[in-house]
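Enquirer: Residue numbers (our numbering), protein chains in the order written: chain A, 66 to 482; chain B, 66 to 482; chain C, 37 to 422; chain D, 37 to 422.
Virtual Cβ for every residue (Gly too), placed ideally from N, Cα, C.
Every value quoted in this text rests on a predicted model; they were computed, and no experiment measured them.
Quick one: the structure is below, questions incoming.
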Amino acid sequence: MDLYYTREDEEFRARVRAWLEANLPREKLETLEQQRAWHRAVYEAGFIGMGWPVEYGGRAARPMEQAIVGEEFARVNAPPTLNGLGIAIVGPTLIHHGTEAQKRRFLKPMLTADEIWCQLYSEPNAGSDLASLRTRAELVGDHFVINGQKVWTSGAHRADWGLMLARTDPDAPKHLGISCILVDMHAPGVEVRPLRQLSGSNEFSEVFFTDVRVPAEHLVGELNAGWQIAQTTLSYERGGNTLSRVSRQLALFHRLLQVASRLERDGRRAIDDPVVRQKLGQMYTEIEVLRYGSLRILSRLEKGIRPGPESSITKLYYSEMDKRHQELVLEILGPYGQLIEGAPSAYALQDGVAYGEPGSWAYGFAYSRAGTIYAGSSEIQKNILGERVLGLPKELRADRMQAHPATQAQAGGEGGA
Amino acid sequence: MDLYYTREDEEFRARVRAWLEANLPREKLETLEQQRAWHRAVYEAGFIGMGWPVEYGGRAARPMEQAIVGEEFARVNAPPTLNGLGIAIVGPTLIHHGTEAQKRRFLKPMLTADEIWCQLYSEPNAGSDLASLRTRAELVGDHFVINGQKVWTSGAHRADWGLMLARTDPDAPKHLGISCILVDMHAPGVEVRPLRQLSGSNEFSEVFFTDVRVPAEHLVGELNAGWQIAQTTLSYERGGNTLSRVSRQLALFHRLLQVASRLERDGRRAIDDPVVRQKLGQMYTEIEVLRYGSLRILSRLEKGIRPGPESSITKLYYSEMDKRHQELVLEILGPYGQLIEGAPSAYALQDGVAYGEPGSWAYGFAYSRAGTIYAGSSEIQKNILGERVLGLPKELRADRMQAHPATQAQAGGEGGA
Amino acid sequence: MDFEFSQDQMALRELARELLTERCTSAHVRAMMEDPAGYDPALYRQMGDMSLLGLAIPEQYGGSGLGMVEQAIVLEEMGRVAYPGPFVAGVVLAATGIQASGDEAAMARYLPCLATGELTMSFALLEDAIGWGPEVVAMRAVPAGDGFVLSGTKRFVPFGATADVILVVASTGDGPGDVSLFAVPRETPGLTVEPYGMFDLNAKTCALHFDAVRLPGDALIGDLNGGAAALDAVVQRGAVAACAEMLGCARKSLEMSVAYAKVRKQFGQPIGSFQAIKHKCAEMLEATENAHSATYYAAWALDAGAPDARLAVSVAKSFVNEAARKVCGEAIQVHGGIGFTWEYDLHLYFKRAKHLEPLWGDTAWHRERVLEEVLAGRVAGAAAGR
Amino acid sequence: MDFEFSQDQMALRELARELLTERCTSAHVRAMMEDPAGYDPALYRQMGDMSLLGLAIPEQYGGSGLGMVEQAIVLEEMGRVAYPGPFVAGVVLAATGIQASGDEAAMARYLPCLATGELTMSFALLEDAIGWGPEVVAMRAVPAGDGFVLSGTKRFVPFGATADVILVVASTGDGPGDVSLFAVPRETPGLTVEPYGMFDLNAKTCALHFDAVRLPGDALIGDLNGGAAALDAVVQRGAVAACAEMLGCARKSLEMSVAYAKVRKQFGQPIGSFQAIKHKCAEMLEATENAHSATYYAAWALDAGAPDARLAVSVAKSFVNEAARKVCGEAIQVHGGIGFTWEYDLHLYFKRAKHLEPLWGDTAWHRERVLEEVLAGRVAGAAAGR
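And the structure:
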């Protein structure tokens, strides 16, 4: 055990910090063009697609370097770069499963955000039970003809391309007969409708496909072998970079400390109230534990050990922790925590830097409710941990009983409600 | 709504208090004979079997009167009377399902505790899934011959009789083929072995039956119709008198307040520590809510509305609350809460009266862990609430799939783990 | 001992439910989010016509002379539909303040119009600091001629931007408890409104900036320096009103969750057949039923003047705060993605319950008060008589 | 950055596990409950022979010169079997006190025999009050001739009834922090032992009554009035030692629960196939793995003298307290009735974890300290450098 960063890591961190100091935008990035310019600057500095192989435009960077970049960017509340899902999920999928032609065609513009990607997985009746998706892709000659509906598509309104799961053999049992296809979001028959969340904002969309024609060469991997590919991409989604989450939680926490030092409650400053102090101590404790766990995962990644289903622990812990912490924030701030307009600046959520998206305490609170639902709900994560990590027997399920025996193993951890 | 006790109730309460003041033993009841004498005194005062019909020795008392007796006896930490299970569960079962001969033979000595009863239900492989019990009762001529093993039998070592569930038709599906039989615990072939709990004490026993002969007239109800009878008795167990629980929790709480007023923690009295005060406030709050809920049930009982499956709310709430509160007690008292020998009297659990069983904080803590397991675990209670009260669909279960369709409905809320 | 509603009370519940089902639809609630006033005055007046506003106002002032239990019954129904409007601000907070002040002239002046709905009122306590006693009041009412001058800012005034008259708590003496109540018409010169946007977009609140606002002598309600007791009464009833509304939010969220869990299928079966969902719903039911007991016990205790009334109020608010948070939050989890959408109604109840959680004492505040009441021996008679 | 154990550390774990599996069976642990000494001296000496006692003792005093990480590895194994014995009392608490005192004569005198196991020691801090700083010390050491006289009662002294020498914290000055350490042989006249029975029957503790106990001058360890820093070091290491042992209890409880849930059938299927049980086990796994990260980070931070070492210790103790409570408690629930029996081993771990929860700072105590460290800026370097 040695939990110090290496000298190399520290030097790299210093470089990232120096670059951020010199390059961080001082104004909010309003337009897509401004955002593209920021993205390109970050890319050219070598901080995007860092883990990709060099031959596809990546830097083959060590996991620790990637983590440090995530940590430092979150620390200063840097504006997000574009195409996060594309670079984190679609790119690696293509690198593993794509044809040489697909890689040459798609990877570079993905990295530079000249083409923006979305992920077309969930459907109204296929959420936790993703394998019951119904969107059809029928092979007609040298084209797929796609009909159906996707939902919870993040960033669909600005996406150029989408990575889709669609049913290509309706007669095969549920997990078979699914294929993975690259879809041009500008093709005729694609319609994107924004979906408004309870927070009032609309980060997600519904996408409707009506006789959308996609060339057959946009199939990824084998026909009807899409489910395995989806499992890989889901695990990209569940692995991921938790140090940047730690930084984000810490930024929130430190702002909360500032406000609690000013806000008076029951005749004293909130920060002097022992009950409030317990809550603050608990929050910091839980963030530190997330940090320790992240370092533990990173140190395994550095040794080339890829996280398996146990990475569900991080997703489960982080999302439930965030929900708990946002509740605590609102407990400490009382009605001030629920102001979305008109909040006195002494009590508002501001990250201390001018260039991030400040949002409000309430917005963070609202969003914490999504964290335990998307990218595999807490219930799904617990099924994965119970079945794949602890080896507990699968539950009896209606779809398993009717399904082909061969699909049972693949249904794996996707059980639950 | 009118939550005042009636004048009649208040007068009755005064009578109970006066009786207790005059009759409460001043010394610990060490021997069974002393306990029988106490039981008989309470019975003769009219406070035992109060709800039973007059023709069987009861008083046909109102539910509120029964509740007041429970409340007042618990309030002064009166020694328990004997035969609690018999009078609360076996007696009502016989009154509803027994033959006239059975009633005449068994009810009176049950009430006077001249004969003490136990309940022979659970088996090593039939806990939550009671219907999978295996103890056999084979009808041979005019006798049943019983072989098998029961477990978690409360008070078996001093019981004269037991109410048993046994399998009388091994070929019938699981919920059918079970009968309800009265068993003489002194009969040859009955062996009682005490079972020690994690608390170190042994309130429960295992009971082994080897070729035990029981006259056929000790069958209760129809042959193979025992499951329905068991369902009734289980609901007696789950209904019950919650006001006495409130009194017990309040007694514990008030002693905790006394100790917290003396115990110094981190440079001040525990009771002056705002964090401790939050815990105390929470505990009292939760006890009051139990009291309100109990009054609500009682007020329905007074109107003749028998509690249905929703009484699982009380069991679930009380047992989980007790577990939580015992944890809080130990948090507040630190190592003093874990002393079972040598505790300075200022910090020990003593109920302020000399005649109860004082026990220790740790004993109460240990026992709270059983509360969410016995008499239907919390998981079972949640199944009952989910399925029978809210009408949610039953889960898929292996035993349901193989079982005879007719048993499906009866399996009812006994699902879960 | 009777914990059930009377026939009259059940009829009242039915009346409120029918009115709100018809007039306070989800579409109406959503429309009111964008509306600067935030409520439908016609609906409010209709409540007056149906005697819903005057439930707890004495008969001699045009009300029904009933109490907190009846108000709670109506408020639970309002919680079920996330009703937006100045009901609590006026007929709970302001009316309680006026009644508790003992000022009969003020009662005669304000209560009858509150009962009909002709008049809307609000109650302004909070400034910068959070708290529910007179110690949070920094605003001074300085005597000037026959009247007073008020300067400063009141925050989180419910429906303060539209209320005709605002009952303001201001400091009038040197002791920390020396506060008085003032009835301030919103149109008074020097008083400006800064609307707030709250997480619950239907919970309209605002800051009121007082810039040397001059008030006549009869703006004083009750005795000079006698406002603390009235404030206390407002906090007690405000807390129980919040409980009742949160209870309605919880019950509606539970019902929607159970209904959804019965029909929504995943993995070939209704999600309600999975223990993860079934047990969640069972816990939601447990929390909701206990919240019911706590809310109505407290409401009854206030009406009856029971010795444990303050205790019961603090028990209820601290308990229902947590119960409603749990139930409304878990309802979203049971629903999954759809529960997180704007179009689905769940968030209306979730946000309303969250809005009410800190008001009139949050959980920690009331837990402390529970202990204070217990240590002072102000508990229910029989059960704790040792 | 390497969060994995080294080869040597894994070998150490293997060594400890083999020894304890063989020598510290459930039967042994149960036998020790009834034993007045409460441990097997031969097993303890064997640990000395295998260099397990001297892990954190410097090489010049006969130890291995390793640190808290290695001790934590052994203690986790001890937690897995609920090992009863004076390991923590001697080679964590007393040895840390002596080393932190800077008293080289004392080190030379005590550490080598602690490392071999020839000598057992304990540490006596608590009296009537609960707390982990010098403020709980009321016992005064009154100078008398060349030495001191001690009077009063120390409570909850671990394995104090059998320890050869007890390190006692006593007040020697007028300031609240003016405490000193004294090495007191248990056989000293005037010192009497009152054994306690604890919920964890294997956690032998006692009260030590000092009736004008006379000590020679060289009983003082370290500087007069210099004991506070040493006490602090003891609390830090005592807390991490408790974490490691609790972690072992949790891990064993989790393993037993998972194994049981795979084979125990109810309703015709293994109970582990029900979500109620499966999800519980998943949460237990989550808690256990996080407890592992927190424990070993803190142990490493102490060894490395990291700037956030105190923070890490308080993070670990407050987190592992709750994690172990949850895991060991839920294990009983997963098992149902059998988990509540005396014969089944689960309660050994449940009780040990509960025993350790309040010691060296309970959850609330350490949460407060977490915040103090954060407000003082004593946090990890990189991540919080703003």
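Return the Cβ separation of A/Ser377 and A/Leu450 in integer angstroms, given the expectation that the two are a contact with Cβ distance under 8 Å.
Expert: So it is a contact: roughly 5 Å between Cβ atoms.
Enquirer: Does the beta carbon of A/Asp236 come closer than 8 Å to any beta carbon on chain C?
Expert: False, the Cβ-Cβ gap to chain C never drops below 8 Å.
Enquirer: Among C/Gly365, C/Pro225, C/Pro170, which residue has its Cα nearest to the Cα of C/Met292?
Expert: Considering only alpha carbons, the answer is C/Gly365.
Enquirer: Is there a C-beta anywhere in chain B that falls below 8 Å from the one on C/Asn357?
Expert: Chain B, which has no Cβ nearer than 8 Å to the Cβ of C/Asn357, makes this no.
Enquirer: At least one CB of chain D closer than 8 Å to the CB of C/His315: is that the case?
Expert: Interface residue, yes.
Enquirer: Tell me, please, which residues DSSP counts as bridged to A/Ser214.
Expert: For clarity, residue 214 of chain A is Gln in the given sequence; the question names Ser instead. Beta-bridge pairing links A/Gln214 to A/Phe273.
Enquirer: Closer than 7 Å, Cβ to any Cβ of chain C: which residues of the stretch 242-270 of chain B, in chain order?
Expert: Cβ contacts with chain C come from no residue of the stretch 242-270 of chain B.
Enquirer: Which of helix, strand or coil does DSSP assign to A/Gly421?
Expert: At A/Gly421 the pLDDT is 37, less than 50, meaning the model places this residue with poor confidence; the figure from the coordinates comes in the next sentence. A/Gly421 falls in the coil class under three-state DSSP.
Enquirer: Using 8 Å as the limit for Cβ to Cβ distance, is B/Ser193 near chain D?
Expert: At least one chain D Cβ lies under 8 Å of B/Ser193.
Enquirer: Can you tell me the Cα-Cα spacing of A/Ala419 and A/Glu92, whole angstroms?
Expert: Legend: pLDDT at A/Ala419 = 33, less than 50; position of this residue unreliable, value from coordinates given subsequently. Each residue's Cα considered, the two are about 7 Å apart.
Enquirer: Measuring CA to CA, which of A/Glu130, A/Trp103, A/Leu363 is closest to A/Met115?
Expert: Answer by Cα proximity: A/Glu130.
Enquirer: Shorter than 8 Å from the beta carbon of A/Leu363 to some beta carbon of chain D?
Expert: Yes, A/Leu363 counts as interfacial toward chain D.
Enquirer: How would you label C/Met46, buried or exposed, when you count the other beta carbons within 10 angstroms and need 16 or more for buried?
Expert: When all chains shown are included, C/Met46 counts as exposed.
Enquirer: Just the Cα atoms here: how many angstroms apart are C/Met114 and C/Gly209?
Expert: So the two alpha carbons sit approximately 39 Å from each other.
Enquirer: How long is the line joining the alpha carbons of B/Pro458 and C/Ile307, rounded to whole angstroms?
Expert: Looking at the two C-alpha atoms, the distance is approximately 9 Å.
Enquirer: Quick one: what does DSSP say A/Gly304 is sitting in, helix, strand or coil?
Expert: With a pLDDT of 43 at A/Gly304, under the threshold of 50, the modelled position of this residue cannot be trusted; read the value that follows with caution. In this structure, A/Gly304 counts as coil in the three-state DSSP scheme.
Enquirer: Check each candidate in D/Gly233, D/Ser87, D/Val110 and name the one with the smallest Cα separation from D/Pro72.
Expert: Among D/Gly233, D/Ser87, D/Val110, the Cα nearest to that of D/Pro72 is on D/Gly233.
Enquirer: Taking the C-alpha atoms as reference points, what is the distance between A/His390 and D/Leu290?
Expert: Distance between the alpha carbons of A/His390 and D/Leu290 is about 27 Å.
Enquirer: Quick test of your reading: D/Ser137 and D/Gly258, contact by CB under 8 Å. State the CB separation rounded to the nearest angstrom.
Expert: Indeed, because the Cβ distance is near 3 Å, the residues count as touching under 8 Å.
Enquirer: Helix, strand or coil for B/Ile484? Go by DSSP, reduced to three states.
Expert: Past the edges of chain B, shown from 66 to 482, lies residue 484 of chain B, and the structure says nothing about it.
Enquirer: Check the DSSP bridge columns for A/Arg330 and list the partner residues they point to.
Expert: DSSP output for A/Arg330 lists A/Arg333, C/Ile166 as bridge partner(s).
Enquirer: Quick check: the stretch 149-158 of chain D against the stretch 94-101 of chain D, are there 3 or more CB pairs under 8 Å?
Expert: A contact exists between the stretch 149-158 of chain D and the stretch 94-101 of chain D.
Enquirer: Rounded to whole angstroms, what is the Cα-Cα separation between A/Leu176 and C/Ala297?
Expert: For A/Leu176 and C/Ala297, the distance between alpha carbons rounds to 42 Å.
Enquirer: Which of helix, strand or coil does DSSP assign to B/Ala476?
Expert: Because the pLDDT of B/Ala476 is 33, which lies under 50, any placement of that residue in the model is unreliable, and the number read from its coordinates should be weighed accordingly. In the structure shown, B/Ala476 sits in a helix (DSSP, three-state: H, G or I).
Enquirer: When the Cα of B/Ala231 is compared with those of B/Trp292, B/Ala166, B/Phe77, which residue comes out closest?
Expert: Nearest option by C-alpha distance: B/Trp292.
Enquirer: Which term fits A/His161, buried or exposed, when burial requires 16 or more other beta carbons within 10 angstroms of its beta carbon?
Expert: A/His161 comes out exposed.
Enquirer: Under the three-state reduction of DSSP, which class applies to B/Tyr428: helix, strand or coil?
Expert: Helix.
Enquirer: Looking only at its own chain, which residues have a Cβ that is under 7 Å from the Cβ of B/Pro259, when we skip the five neighbours before and after it?
Expert: Within the same chain, B/Pro259 has close Cβ partners His222, Asn267, Ser270.
Enquirer: Which word fits C/Ala63, buried or exposed, when buried means at least 16 other C-beta atoms lie within 10 angstroms of its C-beta?
Expert: Burial call: exposed.
Enquirer: Going by Cα to Cα distance, which pick from C/Asp76, C/Glu112, C/Leu91 is closest to C/Ser329?
Expert: When only C-alpha atoms are compared, the closest one is C/Glu112.
Enquirer: Pull up the DSSP beta-bridge partners for B/Ser384, would you.
Expert: Answer by DSSP bridge pairing: none, since B/Ser384 is not bridged.
Enquirer: Which of the three DSSP states, helix, strand or coil, is assigned to D/Pro148?
Expert: Residue state, collapsed to three classes: helix.
Enquirer: Is B/Lys168 near B/Leu159, with beta carbons less than 8 Å apart?
Expert: Result yes, Cβ atoms of B/Lys168 and B/Leu159 sit closer than 8 Å.
Enquirer: Going residue by residue through the stretch 221-267 of chain C, where are the continuous alpha helix (DSSP H) segments of at least 4 residues, counting only ones entirely within it?
Expert: Entirely contained in the stretch 221-267 of chain C, not one alpha helix (DSSP H) run reaches 4 residues.
Enquirer: If you compare alpha carbons, which of B/His240, B/Arg313, B/Leu345 is closest to B/Arg356?
Expert: Per the Cα distances, B/Arg313.
Enquirer: Near B/Ala132, what residues of its chain come up, given a Cβ to Cβ distance below 7 Å and the 5 sequence neighbours on each side ignored?
Expert: Result list for B/Ala132: Asn306, Leu308, Leu363, in chain order.
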